[in-house]
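Under the working numbering, residues 519 to 970 are what the sequence shown spells out, in order.
One structure is given below, encoded as structure tokens.
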Amino acid sequence: MREHGTGRTHLRWAALAAAGALALTACGSDAEKEPAPPQGATASPGVELPRLDGEKLQVAAVWTGPEQENFTKVLKEFEKRTGASVTFVPAQDPIVTFLGTKIAGGAPPDVALLPQVGALVSAVQNKWAQPVGPEAQAQLDKNYSAGWKSLGAVGGTQYGVYYKAANKSLIWYNAKAFEAAGVKPPKTWKELITAADTLSASGTPAVSVAGADGWTLTDWFENIYLSQAGPEKYDRLAKHEIKWTDDSVKQALTTLGELFGRKDFLAGGTSGALATEFPKSVTQTFTGGDRPAAAMVFEGDFVAVNIGQTEAKIGEDALVFPFPAVGEKAPVVSGGDVAVALKPSKGAQALLTFLASADAAEIQAREGGFVSPNKAVDPAAYPNDIQRGIAKALIAAGDDFRFDMSDQAPAAFGGTPGAGEWKALQDFLANPSDVAGTQAKLEADAAKAYGN
């Protein structure tokens, strides 16, 4: 079996589900109205960084648009404190292929932010990654729970810093569309399908699905599978210890087909969903006045970044509820981006140290659409009650979460556009009745990628 070196099989997820539900329920209340610091405000430095005058660094990540702009503000603060010059390098998925090309050409970036555990494992196996230095390790030991540290380790050695986390078990909704249809946030999958029926009958398609981006479809599947099949089977499927032809996968795909199989539920129908990229899936849900393209959009806390590109206000026009329970318990799937040094330089290690500190995380937290697994981040840094609640729930849960399944897989299966799980689920969206064919394709691709 492929060794991921994370120890995540012992992590539980029920506590985070409960905490997240409570936090989101409380988001509309007047409790804990902690004001965020003014935009651009910088607290007294909490982490000591070396002077790096004249040193030039490159940082690669797959982030684009507002997410890239917000991270650039973090890099600007690093430049200010160290004297280094930092350039952001836009990467493409799969990032392992992108980095491989850069390294083969003799021009690797100093630091890369990897969106998959599988990518971290590949970077270590390819001997690209540098272990974290003592200063970064000290920040990790001070600010992170054991679960998040272990996710950045391979074979017992710490290579990465989880700078950004995500709760991928959220459904954001247009408050006006729900009110017009007389719909309340559902707590179970059955209630979700009933609500979707009511919304679509009212003239607003229920869900905006980002089918052009296969990774969003893996998140749909994972939430249903975790809730329906349970955490033990989730862990086994993540390691390919059970086959994708298993009845539990059949059940989850059949359930997902209850939503995807109704063209009237999807913004733009099936063809529209397959042509919709993630940013548009969000913005079209929160534009159009009382006639948006859809009433709901599923994805993580980072949806807030894209809502910020519309006139909708989070907490008023844009609200959120936890992914409904399909089985006994509602799921909580987490994701994240891990920073890894690819050069044995003083500058690369200094940047890892900064990214492991609350100083860096609080800068991006203020911009919205960002959650940090760093326990030392001041909750007041988050710009609204919804994001503050999501962040508090994540920290309060400690190690009680399940990490994104496709992100644990080899990149060839779980992280490559137009291939593996991404492509198989896009084909399933196009033809949700073909459960058996989808399972066969998933299993063939998984067996090839995992080598078993």
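Each residue gets a CB set at the ideal place from its N, CA and C atoms; glycine is no exception.
- Under DSSP, the beta-bridge partners assigned to residue 575 are 604.
- Taking a contact as a CB-CB distance under 8 Å, the pair residue 584 and residue 882 does not count as one, their CB atoms being some 11 Å apart.
- Comparing C-alpha distances from residue 853 to each of 831, 958, 674, 817 shows the shortest one belongs to 817.
- Counting along the chain, the unbroken alpha helix (DSSP H) around residue 825 starts and ends at 821 to 825.
- Within a 10 Å sphere around the beta-carbon of residue 675 sit fewer than 16 other beta-carbons, which makes this residue exposed.
- When beta bridges are read from the DSSP output, residue 923 appears opposite no residue.
- Around residue 928, the same chain offers 520, 636, 967, 968 as residues with beta carbons nearer than 7 Å, after the five sequence neighbours per side are excluded.
- Residue 901 counts as buried, since at least 16 other C-beta atoms from the protein chains shown sit within 10 angstroms of its C-beta.
- Ranked by Cα distance from residue 857, the first of 599, 579, 782 is 579.
- With respect to the 8 Å criterion, residue 680 and residue 669 are classified as neighbours on the basis of their beta carbons.
- A Cβ-Cβ distance of about 36 Å is found for the pair residue 615 and residue 569, leaving them out of contact under the 8 Å criterion.
- In chain order, 820, 822, 823 place their CB closer than 6 Å to the CB of residue 887, counting only its own chain and leaving out the 5 sequence neighbours on each side.
- Ranked by Cα distance from residue 959, the first of 942, 952, 948, 947 is 942.
- Residue nearest to residue 625 within the set 663, 641, 588, 576 is 576 (criterion: CA-CA distance).
- Assignment of residue 565 by DSSP, reduced to helix, strand and coil, places it in the coil class.
- Annotation: the continuous alpha helix (DSSP H) that includes residue 968 extends over 953 to 968.
- Around the CB of residue 684, 16 or more other CB atoms lie within 10 Å, so the residue is classed as buried.
- When secondary structure is reduced to three states using DSSP, residue 896 falls in the coil class, being assigned neither helix nor strand.
- The Cβ-Cβ distance between residue 839 and residue 849 does not fall below 8 Å.
- Spatial neighbours of residue 923 in its own chain (CB-CB distance under 6 Å, excluding positions within 5 residues in sequence) are listed in chain order as 740, 756.
- Taking the Cβ atoms as the reference, residue 727 lies roughly 6 Å from residue 784, within the contact range of under 8 Å.
- Runs of beta strand (DSSP E) with 3 or more residues, each lying fully within the segment 640 to 718, are found at 678 to 685, 688 to 692, listed in chain order.
- In the structure shown, residue 779 falls within a coil segment according to DSSP collapsed to helix, strand and coil.
- Measuring C-alpha to C-alpha distances from residue 920 to each of 737, 604, 863 identifies 737 as the nearest.
- Here residue 871 is buried, its C-beta having at least 16 other C-beta atoms within 10 Å.
- In the displayed model, residue 737 falls within a helix according to three-state DSSP.
- DSSP, reduced to helix, strand and coil, places residue 799 within a helical segment of the structure shown.
- Collapsing the DSSP output to three states places residue 816 in a strand.
- The DSSP-derived three-state label of residue 756 is helix.
- For the pair residue 647 and residue 805, the Cα-to-Cα distance works out to about 43 Å.
- The continuous stretches of alpha helix (DSSP H) do not include residue 851, which lies in the beta strand (DSSP E) extending over residues 851 to 859.
- Beta-bridge partners assigned by DSSP to residue 832: 836.
- With a 10 Å radius around the Cβ and a threshold of 16 neighbouring Cβ atoms, residue 664 comes out exposed.
- Our two residues, residue 907 and residue 623, have alpha carbons roughly 45 Å apart in a direct line.
- Membership of residue 630 in the beta strand (DSSP E) is indicated by the continuous run 629 to 632.
- Annotation for residue 863: 628 place their beta carbon closer than 7 Å to its own, counting only its chain and skipping 5 residues before and after.
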